[in-house]
Each structure stands twice: as C-alpha cells, then as structure tokens.
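Numbering-wise, the working numbering comes out as the position in the sequence shown, counting from 1, plus 912. Quick reminder that beta carbons are idealized off the backbone N, C-alpha and C, glycines included.
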Amino acid sequence: MAEQKRVLVDADACPKQALAIVRMLCERYGWQCITYASYNHQMDHPHHVMVDAGPQAVDLKLTNAVRLGDVVVTQDIGLAAMILGKQGLAVSPHGTIFYPDKIGFMLEERNEKARFRRGGGRTKGPAARTGDDDRKFAESLQLLLSGGER
C-alpha cells in the first residue's frame, strides 16, 4: 500500500490565509495536511504536531519527519534547504518554490543581509500580505500537489 502524500506546514509563521489554502488544496488532491508549531501557537487542526518552544524545535521536528516527495510550506530558507536535501519539496506561503539549483544563492543572500543588519544596516521587512500573494501561493502549491514540478 502506498504511503499517504503529505503537506507539512511550518505553522509558527504561516499566515492564516495560506493555511486555509493548504487545507483546501489538500482536501481537493487527497493529500494529508500536518501542521507543526511550538506550544506557544495553539492550533485547532486534526493533524497537529506540537513541539517545545526552543529555538529551531519546529524546524528539527519537521525535518526529521519529512519523507521523499512530501511538500513543506515554510518561509524559512534554511529549513527549505534541509527539506530539499531530504528529497522533499518546499514552497513559501508567498508562492516561491524553492529549487535545489537556487537554494545556495538564496542562503548566501540571506546571510549577507543578516551580516549587513549586524553591522547596523537596515533592510526592508516583508511586505503586507495581499490577495495576489494568496493567488500565487495557491498556484504554486497546486502545481506541486498535481506533480507539475518534480
């Protein structure tokens, strides 16, 4: 018997609209949705994994759980890199699909921005979520769930 296809959600920082899209598309495509969050983020979800509030606790639990072909929803580029290394797929709640050939550049860019901020520089924070973000995320997730980006 084949294992259930799964979407794992880094729910600590996942916008409510994106989580609603994940649930809807999982139901449509027959995938199981599993949310992961620290106990500081109580969730009413049938398949929810609650972890300690320690730094990176959700990332470690989710990484250890991922299987070949799982789709992970996360804003964390470092977590996305670990998921790709385990042959999973990763997409951000804004609809950016993380690809193995581009993740190294994304990690370097993240590190350069962090270095700049540590030196006193300022970088722009994330823009407010829009309906366009919801549309792009739904399209990207649907593409992954339907097998379009493997």
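At a Cβ-Cβ threshold of 7 Å, Ala923 and Phe1049 do not count as neighbours. For Ser1004, the CB contacts under 6 Å within the same chain, skipping 5 residues up- and downstream, are Gln987 in chain order. Restricting attention to Ala965, Ser1058, Val961, the CA atom closest to the CA of Asn976 is found in Val961. Distances from the CA of Arg1034 to each of Thr1042, Leu996, Lys1025 were compared; the closest alpha carbon is that of Lys1025. For Gln968 and Tyr941, the gap between their C-alpha atoms comes out near 30 Å. Nearest in C-alpha terms to Tyr1011, of all of Gly997, Glu1021, Trp943, is Gly997. Residues of the same chain with a CB within less than 8 Å of the CB of Trp943, apart from the 5 flanking positions on each side, are Gln916, Lys917, Arg918, Val919, Leu937, Val983, Leu1057 in chain order. Rounded to whole angstroms, the gap between the alpha carbons of Gly1037 and Pro958 is 33 Å.
Across the structure, Ala949 and Val963 are spaced so that their CA atoms are roughly 6 Å apart. Arg979 sits in coil when the DSSP states are folded into three classes, being neither helix nor strand. Here Asp1046 has Gln929 as same chain residues with Cβ atoms under 6 Å from its own Cβ, once five neighbours each way along the sequence are excluded.
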